[in-house]
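**Student:** Quick note: the sequence shown, position 163, residue 258 per the working numbering, numbers continuous.
Got a structure for you, questions after.
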Amino acid sequence: MIKKCLGCGYPLQSTDPKKLGYLPKTKNKNPNLCERCFKIIHYNDAKVVTLPVDEKKIIKVVNDSSNHALFLIDFLNINLRTIKLYKQIKRPKTLLISKSDIIPFSFSKNKIVEWLINYYKIEDDIIFISALKNQNVNTLLNYLEAKKIKKAYLLGFTNVGKSSLVNSIVEYKELNHHAITTSLVPNTTLDFMNIKINDHLTIIDSPGFALQNNIYDNNDIAFIRKVNPKKFLKPITYQLKENASILIDNKIRIENLEKKNNFTLYMSNQIPLTRVYNTSKLDNLKSKVFDIPSNSDIVILGLGFINIKKASKVKIYINNLDLIEIRQSFF
Ligand SMILES: Nc1nc2c(ncn2[C@@H]2O[C@H](COP(=O)(O)OP(=O)(O)OP(=O)(O)O)[C@@H](O)[C@H]2O)c(=O)[nH]1
Ligand SMILES: [Mg+2]
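Structure representation (structure tokens):
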């Protein structure tokens, strides 16, 4: 049987250092981990690799199986793109809102659930979970037991926290299991990995779905670090006069074309934001004017969203306009 890396699930090999799953024959400090996982864990050094499986393949494997699906979406990435993918899973499924520790204190979880049901038409159970703070890990395990679920896939976009959740279940159950590699770098987990929790339950970690044509380059690790919030979000409100703009880390510009209006940003607080007046910055990017109805969110895929209370015309400058969605807010 081919031995697989216990960190990322990829078959180990000692022949080609440039290929995935490479385990050096000499000086290997951990014979269970490929060099890439070893470097991520010990030196926080990771290079982004292309996933060996794509979205369609993952969905097919799951839909052809007889297992349950636990689909993770983190609070900042609830949007049509992720929900559409969620709906492609035809197995019985549960929506897990991951990284619940980042949800601002002022938000009612019940309201978020109501909004998911009414706006995004979610018909399955919804559970909030935080692997980082161990919130609701036992609730999830009790839920799976009560539903007599024996085998469940963990699915979701890359970086949503699937592997971290496995590790926190393993820790909670005090199991003797090698930690799965987790990191801020996209595409950390490379293959399906079965983790036996007990005689009644096996969890299957999976490679994440990749966001195509993101605002950032996959190798822009510094930006990826900023985008992923470590602690609860503090919404930031800017009052923008006519023709004033918000610059989001010099990558996106949001320009208000109408009367004074409030813009509240929900995204990682590590992302630098600046308010500028009558600027021509980022004029070279693609841009589009959006008619925003009152109390809407401008969703920027991969980043978060901006809530606008009063109806307005807003011009958005971004490298890829497909990353923008306008939706009715849940406030
Ligand atoms: N704030 C917060 N961060 C989390 C939580 N869970 C995971 N993270 C962070 O999110 C990043 C990605 O976590 P992973 O567990 O590697 O995500 P994944 O879904 O397995 O990613 P892939 O294997 O690439 O598909 C890491 O930096 C984690 O520390 C959580 O509950 N709260
Ligand atoms: Mg993973």
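Even for Gly, the Cβ is constructed at its ideal location relative to N, Cα and C.
A quick note: this is a predicted structure, and the numbers were derived from the prediction, not measured.
If contact is defined by three or more beta carbon pairs under 8 angstroms, each pair taking one atom from either stretch, is the segment 187 to 203 in contact with the segment 270 to 286?
**Tutor:** no
**Student:** Note down the Cα distance separating residue 351 from residue 327, rounded to an integer number of angstroms.
**Tutor:** Here residue 351 is taken as the residue at index 256 of the sequence shown, counted from 1. Here residue 327 is taken as the residue at index 232 of the sequence shown, counted from 1. Rounded to whole angstroms, residue 351 to residue 327 spans 28 angstroms at the Cα level.
**Student:** Does residue 164 pass the burial test, meaning 16 or more other C-beta atoms within 10 Å, or should it be called exposed?
**Tutor:** One-based indexing of the sequence shown puts residue 164 at position 69. Burial call: buried.
**Student:** Since residue 381 is in the beta strand (DSSP E), which residue starts that stretch and which ends it?
**Tutor:** For this step, residue 381 is matched to residue 286 along the sequence shown. Where residue 381 is concerned, the enclosing beta strand (DSSP E) stretches over 381 to 387.
**Student:** Just curious, the beta strand (DSSP E) that residue 420 is in, first and last residue?
**Tutor:** Translated into the one-based positions of the sequence shown, residue 420 becomes position 325. Annotation: the continuous beta strand (DSSP E) that includes residue 420 extends over 419 to 423.
**Student:** So, with DSSP's three-state summary, where would you put residue 255?
**Tutor:** Taking the first residue of the sequence shown as 1, we reach residue 255 at position 160. It is coil, neither helix nor strand.
**Student:** May I ask you to check if the CB of residue 275 is nearer than 8 angstroms to at least one heavy atom of ligand 2?
**Tutor:** In the sequence shown, residue 275 corresponds to position 180, counting from 1. Yes, ligand 2 has a heavy atom inside 8 angstroms of this Cβ.
**Student:** Under three-state DSSP, which class holds residue 468?
**Tutor:** Residue 468 falls outside the range modelled here, since the chain spans only 96 to 426, and no answer is possible.
**Student:** Going by CA-CA distance only, name the one from 114, 130 and 356 that's closest to residue 121.
**Tutor:** Mapped onto the sequence shown, residue 121 falls at position 26. Selected option, being the one with the closest Cα: 130.
**Student:** Return the CA-CA distance between residue 244 and residue 343, expressed in angstroms with no decimal places.
**Tutor:** Counted from its first residue, the sequence shown places residue 244 at position 149. Counted from its first residue, the sequence shown places residue 343 at position 248. Whole-angstrom Cα-Cα distance: 43 angstroms.
**Student:** Assuming residue 318 and residue 311 form a contact by the criterion Cβ under 8 angstroms, report the distance between their Cβ atoms to the nearest whole angstrom.
**Tutor:** Here the question's residue 318 lines up with position 223 in the sequence shown. Here the question's residue 311 lines up with position 216 in the sequence shown. About 5 angstroms separates the CB atoms of residue 318 and residue 311; that is less than 8 angstroms, so the two are in contact.
**Student:** So what does DSSP say about residue 150, is it helix, strand or coil?
**Tutor:** Position 55 of the sequence shown, counting from 1, holds the residue named residue 150. If DSSP states are grouped into helix, strand and coil, residue 150 belongs with the helices.
**Student:** What does DSSP give as the partner residues of residue 394 in its beta bridges?
**Tutor:** Within the sequence shown, the letter at position 299 stands for residue 394. Per DSSP, 400 and 420.
**Student:** Could you check whether the Cβ of residue 419 sits closer than 9 angstroms to any Cβ belonging to chain E?
**Tutor:** Considering every chain present, this structure includes no chain E. It has just one protein chain.
**Student:** Start and end of the beta strand (DSSP E) containing residue 295?
**Tutor:** Translated into positions along the sequence shown, residue 295 becomes position 200. Careful: residue 295 lies outside any beta strand (DSSP E) and carries neither H nor E.
**Student:** Under 7 angstroms Cβ to Cβ from residue 215, same chain only, skipping five residues before and after it: list those, please.
**Tutor:** The residue you call residue 215 lines up with position 120 of the sequence shown. The answer, listed in chain order, is 178.
**Student:** Does the distance between the C-beta of residue 303 and the nearest non-hydrogen atom of ligand 4 fall short of 8 angstroms?
**Tutor:** Questions concerning ligand 4 fall outside what the structure shown contains, since the ligands it does hold are ligand 1 and ligand 2.
**Student:** Determine the DSSP secondary structure at residue 169, reduced to helix, strand or coil.
**Tutor:** The residue you call residue 169 lines up with position 74 of the sequence shown. In this structure, residue 169 counts as strand in the three-state DSSP scheme.
**Student:** Is it the case that the segment 412 to 423 contacts the segment 352 to 371, given that we only count it when at least three CB pairs across the two stretches are under 8 angstroms?
**Tutor:** no
**Student:** Consult DSSP for residue 413 and reduce its assignment to one of helix, strand or coil.
**Tutor:** Locating residue 413 in the sequence shown gives position 318, where the first residue counts as 1. Three-state result, residue 413: strand.
**Student:** Would you say the beta carbon of residue 300 comes nearer than 8 angstroms to a heavy atom of ligand 2?
**Tutor:** Position 205 of the sequence shown, counted from the start, is the residue given in the question as residue 300. Correct: residue 300 has its Cβ closer than 8 angstroms to ligand 2.
**Student:** Does the distance from the CB of residue 249 to the CB of residue 242 come in under 9 angstroms?
**Tutor:** Here residue 249 is taken as the residue at index 154 of the sequence shown, counted from 1. Here residue 242 is taken as the residue at index 147 of the sequence shown, counted from 1. Cβ distance not < 9 angstroms, so residue 249 and residue 242 don't count as in contact.
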